[in-house]
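Order-wise, the sequence lines are chains R and P.
Mapping to our numbering: the first sequence position 149 is 149, numbers consecutive.
Mapping to our numbering: the second sequence position 129 is 129, numbers consecutive.
Each residue gets a CB set at the ideal place from its N, CA and C atoms; glycine is no exception.
Worksheet: the structure to be examined is printed underneath.
Protein chains: 2
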Amino acid sequence: MSQYWSDILNSLTPYKAGEQPQNRTYIKLNTNENPYPPCKKSIEKIKDLASDELRLYPDPEANQLKKAIADYYNVPKDAVFVGNSSDEVLALSFLSFFQQKEPILFPDLTYSFYPVYCSLYNIKFECIPLTENFDIEIKDFARTNGGIIFPNPNAPTGKYLETSKIETLLQQNQNSAVIIDEAYVDFGGESCIFLTAKYPNLLITQTFSKSRSLAGLRVGFAVGNPELIDGLNRVKNSFNSYPLDRLAIGGAVEAILDREYFDRCCNLIIKTREWTKEALESLGFYIVPSQANFLFVKHHHYSGKFIYEQLKNRGILVRYFDKDRIREFVRVSIGTIEDMKTFIDAIEIIINLPE
Amino acid sequence: MSQYWSDILNSLTPYKAGEQPQNRTYIKLNTNENPYPPCKKSIEKIKDLASDELRLYPDPEANQLKKAIADYYNVPKDAVFVGNSSDEVLALSFLSFFQQKEPILFPDLTYSFYPVYCSLYNIKFECIPLTENFDIEIKDFARTNGGIIFPNPNAPTGKYLETSKIETLLQQNQNSAVIIDEAYVDFGGESCIFLTAKYPNLLITQTFSKSRSLAGLRVGFAVGNPELIDGLNRVKNSFNSYPLDRLAIGGAVEAILDREYFDRCCNLIIKTREWTKEALESLGFYIVPSQANFLFVKHHHYSGKFIYEQLKNRGILVRYFDKDRIREFVRVSIGTIEDMKTFIDAIEIIINLPE
Chain R
1 MSQYWSDILN SLTPYKAGEQ PQNRTYIKLN TNENPYPPCK KSIEKIKDLA
51 SDELRLYPDP EANQLKKAIA DYYNVPKDAV FVGNSSDEVL ALSFLSFFQQ
101 KEPILFPDLT YSFYPVYCSL YNIKFECIPL TENFDIEIKD FARTNGGIIF
151 PNPNAPTGKY LETSKIETLL QQNQNSAVII DEAYVDFGGE SCIFLTAKYP
201 NLLITQTFSK SRSLAGLRVG FAVGNPELID GLNRVKNSFN SYPLDRLAIG
251 GAVEAILDRE YFDRCCNLII KTREWTKEAL ESLGFYIVPS QANFLFVKHH
301 HYSGKFIYEQ LKNRGILVRY FDKDRIREFV RVSIGTIEDM KTFIDAIEII
351 INLPE
Chain P
1 MSQYWSDILN SLTPYKAGEQ PQNRTYIKLN TNENPYPPCK KSIEKIKDLA
51 SDELRLYPDP EANQLKKAIA DYYNVPKDAV FVGNSSDEVL ALSFLSFFQQ
101 KEPILFPDLT YSFYPVYCSL YNIKFECIPL TENFDIEIKD FARTNGGIIF
151 PNPNAPTGKY LETSKIETLL QQNQNSAVII DEAYVDFGGE SCIFLTAKYP
201 NLLITQTFSK SRSLAGLRVG FAVGNPELID GLNRVKNSFN SYPLDRLAIG
251 GAVEAILDRE YFDRCCNLII KTREWTKEAL ESLGFYIVPS QANFLFVKHH
301 HYSGKFIYEQ LKNRGILVRY FDKDRIREFV RVSIGTIEDM KTFIDAIEII
351 INLPE
């Protein structure tokens with residue numbers, strides 16, 4: 001607290017990202033990074049762009065990147081918004097669409113940045129409980145609201161909702177914005193981007209940090225009706241004219257263009273996820289069905305905190321959430337097959353420790 | 001307008017940055033970019049960092065960069081905040097410190113993003129007129145306020161205020177935050193960073209886009225009392241955990257470390273500014289005294305708009321502001337000596353056109 005702070009600062013509880021320890025090397029299975037490197041062309045492009053031209057501002061509209069995304073998803077360029085990570089895109093979206101009289105709705109178990117954005121922008125919200133099996137129940141969202149948001153697949157569960165159910169939600173909810181946060185959709189789900197042409201209140205957000213292996217570059221985007229995108233641009237141009245640097249624009253364009261490498265990485269991660277799932281099941285774990293690049297798992301005997309701590313002692317980081325309903329769980333990002341073998345070996349030792 | 005927009009969107013008038021035409025090559029003297037490339041070590045470092053590690057998130061605290069800036073300015077590391085451009089740092093600062101009951105104060109002629117941030121965050125403001133000579137008069141700011149901000153040197157005038165006058169302001173204004181935006185201070189001014197240890201309400205913002213030749217990389221920072229910096233971190237961590245990518249952190253660190261190259265570029269720009277000033281004076285221009293990397297100039301006969309348009313026709317971009325009190329002026333960024341000779345040649349032709 002400080003006498004110079006705005007009131008809003010005193011009421012904020014900032015988001016806590018997963019640990020990023022700088023002191024030693026861990027097998028990092030805690031922040032859903034991609035275990036495979038970015039495509040070679042991204043890296044080459046960034047090296048090319050690391051030149052004298054960095055003295056010049058980037059294109060404030062990042063037109064090249066918008067065009068690449070629009071072509072990839074077969075939508076008009078003015079249906080695409082880009083930003084410095086999907087977190088920034090989400091933050092600007094909350095401000096653009098969710099400051100309403102009625103509360104916005106999101107699941108009780110979901111991306112924990114959503115309530116933080118609400119406190120930052122003074123947005124009322126209500127949490128809709130997931131079912132006992134961690135399902136999003138569409139009919140529970142059928143109430144007056146100032147907007148609806150959830151990730152699909154959801155985080156930290158990994159559970160995926162069929163696009164037909166999201167279309168049902170859109171049919172029942174036409175008076176406020178609906179944001180589907182597709183950070184993890186490329187690991188087995190189907191994107192709802194095709195629905196944006198039909199539903200003017202639908203915004204899809206995605207990130208380059210997961211399926212496109214560029215967490216270190218900070219690029220996210222949104223696709224929606226040009227009227228929604230126009231709103232986002234107005235807010236962006238009232239906040240920071242040039243959120244994407246020259247290297248990020250160029251590197252992200254190449255990542256979109258290299259479809260073959262992208263498919264290969266996603267498929268490998270899906271295969272490794274299924275291998276890990278079976279191995280954990282055989283060791284007495286319950287696993288939430290996942291279409292994401294992580295598994296949300298609990299052991300029938302050991303707590304989430306115990307497993308998290310024991311793994312950390314052994315140089316493996318996973319994510320533990322000290323939160324009602326999910327204290328028994330840990331979230332395990334899918335690494336390379338070698339990472340996951342090391343992880344399973346460590347788990348075997350941990351669950352067989354003498355008590 | 002759209003039924004899905006928050007109310008705030010309907011009242012926003014976004015900031016308009018200087019033109020960044022993508023269609024043809026101009027001599028760009030319109031957005032105060034540095035005519036000299038970034039230091040070689042920045043570029044090498046970025047090439048090194050363009051690697052498989054881009055799959056991993058950056059350090060959310062950008063500790064390396066904070067340390068480099070802290071060492072350079074001889075302040076504690078927790079007195080330093082970094083962000084994705086000084087525009088982002090300013091936006092977050094407005095939200096952190098300026099949402100107050102009383103209006104904030106800034107000059108009538110100044111960086112035109114300030115009123116935009118105010119409309120984004122619903123902040124009241126009052127404009128304090130510059131004197132007829134475009135001076136900031138400290139005594140005019142002696143009134144109840146929720147905060148004070150101006151650039152030093154000011155934009156778009158380039159006029160510099162002695163640090164002793166800023167200390168007078170701080171002595172008379174201890175109950176609200178004072179932000180000095182030092183985007184242009186390295187071209188002949190003295191930074192007020194040394195005053196941050198003494199005045200807990202003083203925040204200094206700076207950018208890597210001007211004196212450090214990295215407009216294309218998007219890095220800005222702030223220095224102030226750790227209590228102010230803590231407030232900024234809370235807001236940043238409620239908006240976007242990782243605003244600076246791996247390449248931006250590494251490239252900016254090298255730019256701070258290479259003091260010799262930095263000094264050389266700044267001195268060259270100062271020398272070229274003085275040459276340009278004399279050349280323009282001899283052609284009938286009035287020039288506001290400038291300690292920045294631009295000159296704010298008017299011709300005794302031709303309007304600012306005419307000169308802007310005539311220069312643009314000749315492949316030279318300068319900045320024209322269609323705004324009361326300054327319609328007669330154009331703002332000319334200082335390029336290389338070759339750029340400025342071309343500019344002066346064009347000006348000679350323009351002012352001798354048959355009417």
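Asked, Found
"Anticipated Cβ contact below 8 Å, residue 56/R with residue 216/P, distance rounded", "5 Å"
"Own chain residues within Cβ distance below 8 Å of residue 351/P, not counting five before or after", "283, 284, 299, 301, 302"
"Residue range of the unbroken beta strand (DSSP E) whose run includes residue 202/P", "202 to 207"
"Beta-ladder partner(s) of residue 286/P, from DSSP", "298/P"
"Residue 199/P beta carbon less than 8 Å from that of residue 170/P", "yes"
"Inter-stretch contact (C-beta, 8 Å, three-pair minimum) for the stretch 220 to 227 of chain R and the stretch 190 to 210 of chain R", "yes"
"Neighbour list for residue 156/R in chain P, Cβ cutoff strictly below 9 Å", "The premise fails here: residue 156/R is roughly 16 Å from chain P at the closest Cβ pair, so nothing lies under 9 Å."
"Nearest residue (CA-CA) to residue 98/R, options 263/P, 4/P, 344/P, 330/P", "4/P"
"For residue 222/P, the three-state DSSP class (helix, strand or coil)", "strand"
"Residue 167/R: contacting residues in chain P (beta-carbon distance under 9 Å)", "None at all; the shortest Cβ gap to chain P is about 18 Å."
"Short Cβ contact (8 Å threshold) for residue 228/R with residue 42/R", "no"
"Stretch pair the stretch 313 to 329 of chain R + the stretch 18 to 34 of chain R: three plus CB contacts closer than 8 Å", "yes"
"Cβ-based neighbour list, residue 112/R, same chain, cut-off 7 Å, excluding 5 preceding and 5 following", "15"
"Separation of residue 322/R from residue 312/R, as counted between CA atoms", "16 Å"
"Neighbourhood of residue 149/R by C-beta distance below 7 Å, restricted to the same chain and skipping five residues each side", "104, 106, 114, 179, 181"
"Residue 326/R CB to nearest heavy atom of the ligand COA below 7 Å", "Absence of the ligand COA from the depicted structure is noted, as is the absence of any ligand whatsoever, leaving it without description."
"Opening and closing residue of the alpha helix (DSSP H) in which residue 254/R lies", "246 to 257"
"Residue 40/R burial status per 10 Å Cβ neighbour count (16 or more: buried)", "exposed"
"Integer Cβ distance of residue 329/R from residue 158/R, believed to fall under 8 Å", "Contact flag wrong, Cβ pair sits at about 11 Å."
"Contacting residues, own chain, Cβ-Cβ under 8 Å from residue 241/R (five flanking each side not counted)", "60"
"Close beta carbons around residue 305/R, own chain, < 8 Å, minus the five adjacent residues each side", "320, 322, 327"
"Boundaries (first-last residue) of the beta strand (DSSP E) holding residue 146/P", "Looking at the DSSP string, residue 146/P is not in any beta strand (DSSP E), and its letter there is neither H nor E."
"For residue 181/P, the first and last residue of its enclosing beta strand (DSSP E)", "178 to 181"
"Closest by C-alpha distance to residue 202/P, when choosing among 210/P, 184/P, 17/P, 177/P", "177/P"
"Rounded separation between residue 2/R and residue 348/P - CA only", "56 Å"
"Test: residue 183/R CB closer than 8 Å to a CB of chain P", "no"
"Exposure label - residue 101/R; buried when at least 16 CB within 10 Å", "exposed"
"Chain P within 8 Å of residue 310/R, Cβ atoms only", "no"
"Closer than 9 Å at the beta carbon, the chain R residues around residue 77/P", "In chain order: nothing, as chain R lies at least about 14 Å away."
"Residue 190/R vs residue 168/R beta-carbon contact at 8 Å", "no"
"Chain P within 8 Å of residue 206/R, Cβ atoms only", "no"
"N- and C-terminal bounds of the beta strand (DSSP E) containing residue 83/P", "80 to 83"
"Residue 265/R, DSSP secondary structure in three states", "helix"
"Per DSSP, the bridge partner or partners of residue 107/R", "128/R"
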